[in-house]
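In my numbering, the protein residues as written are 477 to 582. By construction, the Cβ of each residue, glycine as well, lies at the ideal position given by its N, Cα and C atoms. All of these numbers come straight from a predicted model, not from anything done at the bench.
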């Protein structure tokens, strides 16, 4: 099984940054962070030609947690920089066998 070391996030925005959306990357997963970084200029060139403003960022992935990441958060700041992170949710859901109701553990 190949391990994932980086995830490529691409976000396209309107010129004034009032509307932004995730854009599917041609190859979003990389076995090495450096390989993702090397791909950034190509991705930015390709997407900038068709979208008003495009941002891209490589996010490091811990191979031990690659199947556990369940939250991607990102924000384009007014200065035009992209902040982004991958994380593992801290909520664990278990059921109470006696009542059959979910119990939420934090």
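Coarse secondary structure for residue 480, derived from DSSP in three states | As a first step, residue 480 is located in the chain shown; it is residue number 4 there, counting from the start. Looking at residue 480 - three-state DSSP - the assignment turns out to be coil, as it is neither helix nor strand.
Alpha-carbon spacing of residue 483 relative to residue 513, whole angstroms = What you label residue 483 is simply residue 7 of the chain shown in a count that begins at 1. What you label residue 513 is simply residue 37 of the chain shown in a count that begins at 1. Cα to Cα, residue 483 sits roughly 10 Å from residue 513.
Separation of residue 543 from residue 497, as counted between CA atoms = Translated into the one-based positions of the chain shown, residue 497 becomes position 21. Translated into the one-based positions of the chain shown, residue 543 becomes position 67. C-alpha separation (whole angstroms): 24 Å.
Coil, strand or helix - residue 548 by DSSP = Position 72 of the chain shown, counting from 1, holds the residue named residue 548. Per DSSP, reduced to three states, the secondary structure at residue 548 is strand.
Could you check the C-alpha separation between residue 480 and residue 511 for me, to the nearest Å?
-> As a first step, residue 480 must be located in the chain shown, where it is residue number 4. As a first step, residue 511 must be located in the chain shown, where it is residue number 35. Cα-Cα distance, rounded: 11 Å.
Three-way DSSP call (helix, strand, coil) for residue 421 in this model = An answer regarding residue 421 cannot be provided, because it is not within the stretch 477 to 582 covered by the chain.
Around the C-beta of residue 564, are 16 or more other C-beta atoms found within 10 angstroms, so that it is buried, or is it exposed?
-> For the purposes of this step, residue 564 is identified with residue 88 of the chain shown, where counting begins at 1. Answer is exposed; the Cβ neighbour count stays below 16.
In terms of residue numbering, what span does the beta strand (DSSP E) encompassing residue 514 cover?
-> Numbered from 1 along the chain shown, position 38 holds the residue referred to as residue 514. No beta strand (DSSP E) holds residue 514; the alpha helix (DSSP H) holding it covers 509 to 524.
Please check the pair residue 548 and residue 562, which I expect to be a contact at CB under 8 Å, by giving their CB distance rounded to whole angstroms.
-> Counted from its first residue, the chain shown places residue 548 at position 72. Counted from its first residue, the chain shown places residue 562 at position 86. Between residue 562 and residue 548 the Cβ distance is about 6 Å, and since that is below 8 Å, they are a contact.
Express the C-alpha separation of residue 494 and residue 488 in angstroms, rounding to a whole number.
-> Here residue 488 refers to the residue found at position 12 when the chain shown is read from its first residue. Here residue 494 refers to the residue found at position 18 when the chain shown is read from its first residue. Roughly 11 Å separates the two Cα atoms.
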